[in-house]
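Engineer: Using the numbering used here, the first residue of the sequence shown is number 148, and each one after it goes up by one. Before anything else, here's the structure in question.
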Amino acid sequence: MISYEEARNHVFKEARVLEEEKVALKKAYHRVLAENIVAPHSLPSFNNSAMDGYALRSEDTKDNQPVILELVSEEAAGNFQNLPVKKGQAAKIMTGAPVPPGADAVIPREEVDEKPSQIVVFRKVKKGENIRFKGEDVREGEIVLEKGSLITSPVVGLLAALGFSFVKVYRQPVVGVVATGSELLEIDQPLRPGFIRNSNSYALQAQIASTNSIPVDFGVVADDVEEMVVTLKKALKKCDVILTTGGVSMGDYDLVKEVFEKLGARRIFWKVAQKPAKPLTFYVKEEKKKRYLFGLPGNPGAVAISFEEYVRPFLKLLSGRKDYLPIEIQAKMKHEVKKKKGRLNFLRVKLTYQNGEYLAESVGSQGSGVLKTLTRANGLALIPAEVEFVQPGDRVQVHLVEW
Ligand code: AMP
Ligand code: MG
Numbered sequence: 148m149i150s151y152e153e154a155r156n157h158v159f160k161e162a163r164v165l166e167e168e169k170v171a172l173k174k175a176y177h178r179v180l181a182e183n184i185v186a187p188h189s190l191p192s193f194n195n196s197a198m199d200g201y202a203l204r205s206e207d208t209k210d211n212q213p214v215i216l217e218l219v220s221e222e223a224a225g226n227f228q229n230l231p232v233k234k235g236q237a238a239k240i241m242t243g244a245p246v247p248p249g250a251d252a253v254i255p256r257e258e259v260d261e262k263p264s265q266i267v268v269f270r271k272v273k274k275g276e277n278i279r280f281k282g283e284d285v286r287e288g289e290i291v292l293e294k295g296s297l298i299t300s301p302v303v304g305l306l307a308a309l310g311f312s313f314v315k316v317y318r319q320p321v322v323g324v325v326a327t328g329s330e331l332l333e334i335d336q337p338l339r340p341g342f343i344r345n346s347n348s349y350a351l352q353a354q355i356a357s358t359n360s361i362p363v364d365f366g367v368v369a370d371d372v373e374e375m376v377v378t379l380k381k382a383l384k385k386c387d388v389i390l391t392t393g394g395v396s397m398g399d400y401d402l403v404k405e406v407f408e409k410l411g412a413r414r415i416f417w418k419v420a421q422k423p424a425k426p427l428t429f430y431v432k433e434e435k436k437k438r439y440l441f442g443l444p445g446n447p448g449a450v451a452i453s454f455e456e457y458v459r460p461f462l463k464l465l466s467g468r469k470d471y472l473p474i475e476i477q478a479k480m481k482h483e484v485k486k487k488k489g490r491l492n493f494l495r496v497k498l499t500y501q502n503g504e505y506l507a508e509s510v511g512s513q514g515s516g517v518l519k520t521l522t523r524a525n526g527l528a529l530i531p532a533e534v535e536f537v538q539p540g541d542r543v544q545v546h547l548v549e550w
């Protein structure tokens, strides 16, 4: 059995970033940049007014307030005259309009007295006041966005401002989901004694989609080697990554590893010193293209948690992201935690922020088959393998979940 740290390192080490492709900016949200973006021009691209007001020469307001300035033009955004402002003159200007030649400051409209063709200024105006200078946001030639960054909505905005209608991104991972278990019913089937509904496939597809990968549902297969081989062969044709659930523990019908091996995949590990998800297994199949198979446990808690800890960062790596690890914070445990030595425990917690620090509280049952408490958790506290007790007030590491 390997440690959580070793298992994660193995998983991350195997990840190969997928190919690049071009997409329209409109389709690029939450994809990952496959190129550094070099600004083709500055932003702003010309000096412009930050206010509705009057463009003037600051020198004219240096002494003897009030000063009377003669109005020479009107400058609106997209409709401007750009006439020079000479000594003793000013131009009416709207937000976003180019600052006319000669002017070096803008005084807001509400601060002056407006006359038909003059304004009265009552204070000294500083050079540069209320002007947004060319290049103060972005300089031409600057690397404004780095390869491997997630295209968030502000990134979309910046790319649009710089005139990128297409961008190079990485291909999204295609992730197949196969639920194994002869006890599984489809969710629209009536419950029968001894059978349960297949919830894992649904929860996993939601998690896959939430990391902007493409889920493909291969339904349920019985605990039968032949049936599993048929379905997994189909899945391997279509997918970069396959997630199976169930069938990886010590039971007589835990056949998933045998099936992965039949398909020519190579085992990277089986069993991790963690709770839940001890029987987690990871295989790689290398032909022309590298494929990855995660044998997730069957219990819904183990599935959800192993996805957050292993699969989500792995999918982020495949999609080219530099920031692939979960956000980790320190929190103060609200209460005592007791556990056995030997396995790292993932504790489902609710985080709250009080008096400048995060507090973590268990959301109730931590049983790996328990679904309800997962829905109440916004973090996973990592209680290290060697620890037996956590005292109230002790600090713990918590991973924020993105489910
Ligand atoms: P297994 O490792 O196959 O023995 O499964 C462990 C537990 O998880 C059993 O109680 C299963 O019934 C349950 N389980 C397995 N697959 C699913 C699934 N797709 N949805 C919900 N529960 C499941
Ligand atoms: Mg099973």
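Virtual Cβ for every residue (Gly too), placed ideally from N, Cα, C.
#1: Which residues does DSSP pair with residue 500 in a beta bridge?
#2: Under 6 Å Cβ to Cβ from residue 323, same chain only, skipping five residues before and after it: list those, please.
#3: Distance check for residue 413 and residue 512, CA to CA, integer angstroms please.
#4: Under three-state DSSP, which class holds residue 241?
#5: Please go through the region 363 to 441 and give each complete beta strand (DSSP E) segment of 3 or more residues, from N-terminal end onward.
#6: Taking the beta strand (DSSP E) that residue 216 falls in, what are its first and last residues?
#7: Identify whether residue 196 lies in helix, strand or coil by the three-state DSSP scheme.
#8: Under 7 Å: does the beta carbon of residue 326 sit that close to some heavy atom of the ligand AMP?
#9: In the DSSP assignment, what are the bridge partners of residue 226?
#10: Mind checking residue 304: buried by the 16 CB within 10 Å criterion, or exposed?
#11: Among the candidates 213, 251, 234, 227, whose CA atom is the shortest distance from the CA of residue 241?
#12: For the region 248 to 303, list the beta strand (DSSP E) runs that are entirely contained and at least 3 residues long, ordered along the chain.
#13: Roughly how far, in whole angstroms, is the beta-carbon of residue 459 from the beta-carbon of residue 354, given that I think they are within contact range, below 8 Å?
#14: Closest by CA to residue 238, which one among 258, 217, 378, 224?
#15: From this set, 316, 186, 253, which residue's C-alpha is nearest residue 179's C-alpha?
#16: Would the beta-carbon of residue 521 be found less than 7 Å away from any heavy atom of the ligand AMP?
#17: Residues in its own chain within less than 8 Å of residue 564 by CB, not counting five upstream and five downstream?
#18: Near residue 259, what residues of its chain come up, given a Cβ to Cβ distance below 7 Å and the 5 sequence neighbours on each side ignored?
#19: Who are the near neighbours of residue 289 in its chain, counting only those whose CB is closer than 6 Å to its CB and skipping five residues on each side?
#20: Assign residue 482 to buried or exposed, taking buried as 16 or more other Cβ atoms, counted over all protein chains shown, within 10 Å of its Cβ.
#21: Going by the CB atoms, is the gap between residue 449 and residue 550 shorter than 8 Å?
#22: Tell me, please, which residues DSSP counts as bridged to residue 546.
#23: Could you have a look at residue 175 and say whether DSSP puts it in helix, strand or coil?
Structural biologist: On the basis of the supplied data:
#1: The residue you call residue 500 lines up with position 353 of the sequence shown. Answer by DSSP bridge pairing, in chain order: 505.
#2: In the sequence shown, residue 323 corresponds to position 176, counting from 1. Excluding positions up to five away in sequence, the list reads 363, 365, 382, 386, 389.
#3: Taking the first residue of the sequence shown as position 1, residue 512 is located at position 365. Taking the first residue of the sequence shown as position 1, residue 413 is located at position 266. Those two C-alpha atoms are separated by around 36 Å.
#4: The residue given as residue 241 occupies position 94 in the sequence shown. Of the three classes helix, strand and coil, the one that applies to residue 241 here is coil, per DSSP.
#5: 388 to 392, 413 to 417, 428 to 433
#6: Working through the sequence shown from its first residue, we reach residue 216 at position 69. First-last of the beta strand (DSSP E) with residue 216: 214 to 222.
#7: Position 49 of the sequence shown, counting from 1, holds the residue named residue 196. Three-state DSSP puts residue 196 in a strand.
#8: For the purposes of this step, residue 326 is taken as residue 179 along the sequence shown, with counting starting at 1. The answer is yes for residue 326.
#9: Numbered from its first residue, the sequence shown carries residue 226 at position 79. According to DSSP, residue 226 bridges with 223.
#10: Here the question's residue 304 lines up with position 157 in the sequence shown. Exposed, because fewer than 16 other Cβ atoms sit within 10 Å of the Cβ of residue 304.
#11: Residue mapping note: residue 241 aligns to position 94 of the sequence shown, counting from 1. The shortest C-alpha separation from residue 241 is found at 227.
#12: 252 to 255, 259 to 261, 265 to 268, 290 to 292
#13: Taking the first residue of the sequence shown as position 1, residue 459 is located at position 312. Taking the first residue of the sequence shown as position 1, residue 354 is located at position 207. Right, the Cβ-Cβ distance comes to about 7 Å (below 8 Å), so this counts as a contact.
#14: As a first step, residue 238 is located in the sequence shown; it is residue number 91 there, counting from the start. Per the Cα distances, 217.
#15: Translated into positions along the sequence shown, residue 179 becomes position 32. Nearest of 316, 186, 253 to residue 179, Cα basis: 316.
#16: Within the sequence shown, residue 521 is the residue found at index 374, counting from 1. Every heavy atom of the ligand AMP is 7 Å or more from the Cβ of residue 521, so no.
#17: No answer is possible for residue 564: it lies beyond the span of the chain, which begins at 148 and ends at 550.
#18: As a first step, residue 259 must be located in the sequence shown, where it is residue number 112. Same-chain partners within the cutoff: 201, 266, 267, 268.
#19: Position 142 of the sequence shown, counting from 1, holds the residue named residue 289. If we look at residue 289 and ignore the five residues flanking it on each side, its Cβ neighbours are 186.
#20: Locating residue 482 in the sequence shown gives position 335, counting from the first residue. Classification of residue 482: exposed, given that the 10 Å Cβ count is below 16.
#21: Mapped onto the sequence shown, residue 550 falls at position 403. Mapped onto the sequence shown, residue 449 falls at position 302. Not in contact: residue 550 and residue 449 (Cβ atoms no closer than 8 Å).
#22: Here residue 546 refers to the residue found at position 399 of the sequence shown. Its beta-bridge partners are 475, 527.
#23: Position 28 of the sequence shown, counting from 1, holds the residue named residue 175. Three-state DSSP puts residue 175 in coil, outside helix and strand.
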